[in-house]
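Peer 1: Going by my numbering, the letters in the sequence shown line up with residues 1109 to 1458, in that order.
We put the beta carbon where it would ideally sit given N, CA and C, even for glycine.
Since the structure is predicted, the reported quantities are computational estimates derived from the model, not experimental observations.
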Amino acid sequence: KIWRSDLNENSGYEATFELMQNGNSMSPEKRITLTGNVQNGFSAEYIFDNLEKYDSDGVAYKYDIEEIAPADDDGFTREKTSGSIGYDYVFINTKAYELAEGSFSIKKVDFKTKAPLGGVKFELLDFFTKNVVRENLVSNADGIILIEDLVEGDYLLREVEALPNYVNLEAYFSVVVDHDGNVTIDGTHASTDEPFEIVNVSKNHHLVLQKTDLERKVLPGAEFALFDEDESFVGDYITDENGLIVLENLEIGKYKIKETTPPTGYNIIGDGEYSFEYTGNNIIQIHVANTAQAPTTTSVKVSKIWEGLEGPAPNIQIRLLANGVEADRVILQRHNHLRLYFLDYSVPQV
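Here's what the structure looks like:
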């Protein structure tokens, strides 16, 4: 018995069979239930042995096996083949992969007062192609944007147009809809009842520094030092959970802000210094990006899928190459569900 396609690795699947003799069921004595799970590679087998070969008249019995489908539809299609190598019968249950859909909301608020902001425009992009998949997403009077029935996948949410007296966001937000329809934004759960909060800073402030990586992901925890034009130290600041440093009450004059410590896993670009002048009636907007550090290790997931295969899948050999040189070799077989992980291998120098 083989289960395949869209399977939940945290679940087990059962299938019940009965042996038929001359077209008649031999249940309950010859009824069995097999279970498939990740431990056995979603495949199981059973042997009916010591069967009578002839009836009392010396006529050979004809045996067959039938799968008993559940009363309720379980989403599987069932296929039976006979005469496969090593088996008299092979039963394959295939579950069609159905894309899930998720719905969620975001809430746009003022950075300082947390008052809702209506009229802010967003759009949703495909994470990989950067094509727009939802546009003209505008927050209502309560600051809410509701996004419904989004097909599972990876997306980017970006602000297109802020309110006139607000600083436009430089950051993009990563949206993931998983196969259960759950939605996360930058790793935080979001739903229609639990909106993801996004802040905007008003232009009433003197300095707004936005910190992201090169992909526009928000970076909290970056440390900066501010100096005046005489190189006198003014203060230390750290980007918050929104990747922001917001300052008020700057005195008129020339300044330099310097990144002293980047977020963990990132590098400072150049000397990390940014000079500006505050005249008393302007707002300073600075966007600082960091490059990610090259990883020291990497992991690779391998999964082998057979299409149109009758009978058990044969073992296959997988080689992991680093710059063309073999680093490891593993056999994929039924007991590991033709799936494996190469974990924490050192990244080779190019």
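Do the CB positions of L1530 and F1150 come within less than 8 Å of each other?
Peer 2: In the structure as shown, the chain starts at 1109 and stops at 1458, and residue 1530 therefore has no counterpart that could be examined.
Peer 1: Going along the chain, which residues of its own chain have a beta-carbon closer than 7 Å to the beta-carbon of E1278, five neighbours each way excluded?
Peer 2: Result list for E1278: Q1318, T1320, R1324 and H1395, in chain order.
Peer 1: Relative to the alpha-carbon of E1153, which residue among Y1280, I1173, M1134 and L1355 has its alpha-carbon at the smallest distance?
Peer 2: If we check each option's Cα against that of E1153, I1173 comes out closest.
Peer 1: My parser needs the beta strand (DSSP E) runs of 3 or more residues fully inside the region 1324 to 1401; what are they?
Peer 2: Listed in chain order, the complete beta strand (DSSP E) runs (minimum 3 residues) inside the region 1324 to 1401 are 1331 to 1336, 1341 to 1346, 1352 to 1355, 1361 to 1369, 1381 to 1386 and 1392 to 1400.
Peer 1: Just how far apart, CA to CA, sit A1123 and L1271?
Peer 2: If I take the Cα positions, the gap works out to 59 Å.
Peer 1: Please list, in chain order, all residues of the same chain as R1139 whose beta carbon is under 6 Å from its beta carbon, the five residues on each side excluded.
Peer 2: Taken in chain order, the residues that qualify are E1126.
Peer 1: Would you grab the beta carbon distance between A1204 and V1285 for me? Rounded to a whole angstrom, and I think it's under 8 Å.
Peer 2: Contact doesn't hold; Cβ gap of about 19 Å is too wide.
Peer 1: What do you get for K1188, buried or exposed, if any count of 16 or more other CB atoms within 10 angstroms of its CB means buried?
Peer 2: The residue in question, K1188, is exposed, as its Cβ has fewer than 16 Cβ neighbours within 10 Å.
Peer 1: Which residue wins for smallest C-alpha separation from E1305, given the options D1163, D1218 and A1177?
Peer 2: For E1305, the nearest C-alpha among the options comes from D1218.
Peer 1: Under the three-state reduction of DSSP, which class applies to G1149: helix, strand or coil?
Peer 2: G1149 falls in the coil class under three-state DSSP.
Peer 1: Return helix, strand or coil for V1438, following the three-state DSSP convention.
Peer 2: Residue state, collapsed to three classes: strand.
Peer 1: Looking only at its chain, what residues have a beta carbon closer than 6 Å to the beta carbon of W1111, apart from the 5 residues adjacent to it on each side?
Peer 2: Here the set comprises Y1121, G1144, F1150 and N1201.
Peer 1: Suppose contacts are defined by Cβ-Cβ distances below 8 Å. Is L1233 in contact with V1246 by that definition?
Peer 2: Contact flag unset, no.
Peer 1: Kindly indicate which three-state DSSP category V1217 falls into: helix, strand or coil?
Peer 2: In this structure, V1217 counts as strand in the three-state DSSP scheme.
Peer 1: For E1367, count neighbouring Cβ atoms within 10 angstroms of its own Cβ and tell me buried if that reaches 16, exposed if not.
Peer 2: With 16 or more Cβ atoms within 10 Å of its Cβ, E1367 is classed as buried.
Peer 1: Of all the options E1231, D1436 and T1399, which has the alpha carbon lying nearest to the alpha carbon of S1282?
Peer 2: Nearest of E1231, D1436 and T1399 to S1282, Cα basis: E1231.
Peer 1: Taking the Cβ atom as the reference point for each residue, do K1229 and I1252 lie within a distance shorter than 8 Å?
Peer 2: No; because the gap between Cβ atoms is not below 8 Å, this pair is not in contact.
Peer 1: Could you tell me how far apart the beta carbons of I1365 and F1332 are, in whole angstroms, since I believe they sit closer than 8 Å?
Peer 2: That belief holds up - the Cβ atoms of I1365 and F1332 are roughly 5 Å apart, short of 8 Å.
Peer 1: Taking just the CA atoms, how far does H1314 sit from E1337?
Peer 2: So the alpha carbons of these two residues sit roughly 17 Å apart.
Peer 1: I need the DSSP call for D1465, collapsed to helix, strand or coil.
Peer 2: Residue numbering for the chain in the displayed model covers 1109 to 1458; residue 1465 lies beyond these limits and cannot be assessed.
Peer 1: Please identify the residue among F1184, V1433, L1142 and P1224 whose C-alpha is closest to the C-alpha of E1206.
Peer 2: The option with the nearest alpha carbon to E1206 is F1184.
Peer 1: Can you tell me whether A1249 is buried or exposed? The criterion is at least 16 other CB atoms within 10 Å of its CB, across all chains shown.
Peer 2: The residue in question, A1249, is exposed, as its Cβ has fewer than 16 Cβ neighbours within 10 Å.
Peer 1: Measuring CA to CA, which of E1137, Y1162 and E1175 is closest to K1109?
Peer 2: Out of E1137, Y1162 and E1175, E1175 has the C-alpha closest to the C-alpha of K1109.
Peer 1: Whose C-beta lies closer than 7 Å to the C-beta of P1370 among residues of the same chain, with five residues either side of it excluded?
Peer 2: A1330, I1376 and N1398.
Peer 1: Cutting at 7 Å between CB atoms, please list the residues of its own chain near N1461, excluding the five before and the five after it.
Peer 2: Any property of residue 1461 remains undetermined from this structure, which presents the chain solely from 1109 to 1458.
Peer 1: By alpha-carbon positions, which one of E1302, Y1363, N1148 and G1226 ends up nearest to D1117?
Peer 2: Note on residue identity: the sequence assigns Glu, not Asp, to residue 1117. Closest by alpha carbon: N1148.
Peer 1: Roughly how many angstroms lie between the CA atoms of Y1171 and N1130, to the nearest whole one?
Peer 2: Near 6 Å, if we compare the C-alpha coordinates of N1130 and Y1171.
Peer 1: Would you decide whether P1328 is buried or exposed? Buried here means 16 or more other CB atoms lie within 10 Å of its CB.
Peer 2: It is exposed - the Cβ of P1328 has fewer than 16 other Cβ atoms within 10 Å.
Peer 1: According to DSSP, which residues form a beta bridge with D1172?
Peer 2: Looking at the DSSP assignment, D1172 forms a beta bridge with M1128.
Peer 1: Can you tell me whether G1351 is buried or exposed, with buried defined as 16 or more other CB within 10 angstroms of its CB?
Peer 2: So G1351 ends up on the buried side.
Peer 1: In its own chain, which residues sit with a C-beta less than 6 Å from the C-beta of G1388, not counting the 5 before and 5 after it?
Peer 2: Counting only Cβ-Cβ distances below 6 Å, and skipping sequence neighbours, we find I1360.
Peer 1: Given M1128, which residues of its chain have a CB within under 8 Å of its CB, disregarding the five upstream and five downstream residues?
Peer 2: M1134, Y1171, D1172, I1173 and E1174, listed in sequence order.
Peer 1: Provide the residue(s) that pair with V1307 in DSSP beta bridges, ordered along the chain.
Peer 2: DSSP, once it has assigned bridges, lists V1217 as partnering V1307.
Peer 1: Measure the Cβ-Cβ separation of D1257 and F1235 and say whether it is below 8 Å.
Peer 2: Not a contact, by the Cβ cut-off of 8 Å.
Peer 1: Ordered along the chain, which non-local residues of its own chain (more than five positions away) have a Cβ less than 6 Å from that of S1501?
Peer 2: Residue 1501 lies beyond the residue range present for the chain, which begins at 1109 and ends at 1458; the question has no answer from this structure.
Peer 1: Buried or exposed: where does T1405 fall if 16 or more other Cβ atoms within 10 Å of its Cβ makes it buried?
Peer 2: So T1405 counts as exposed.
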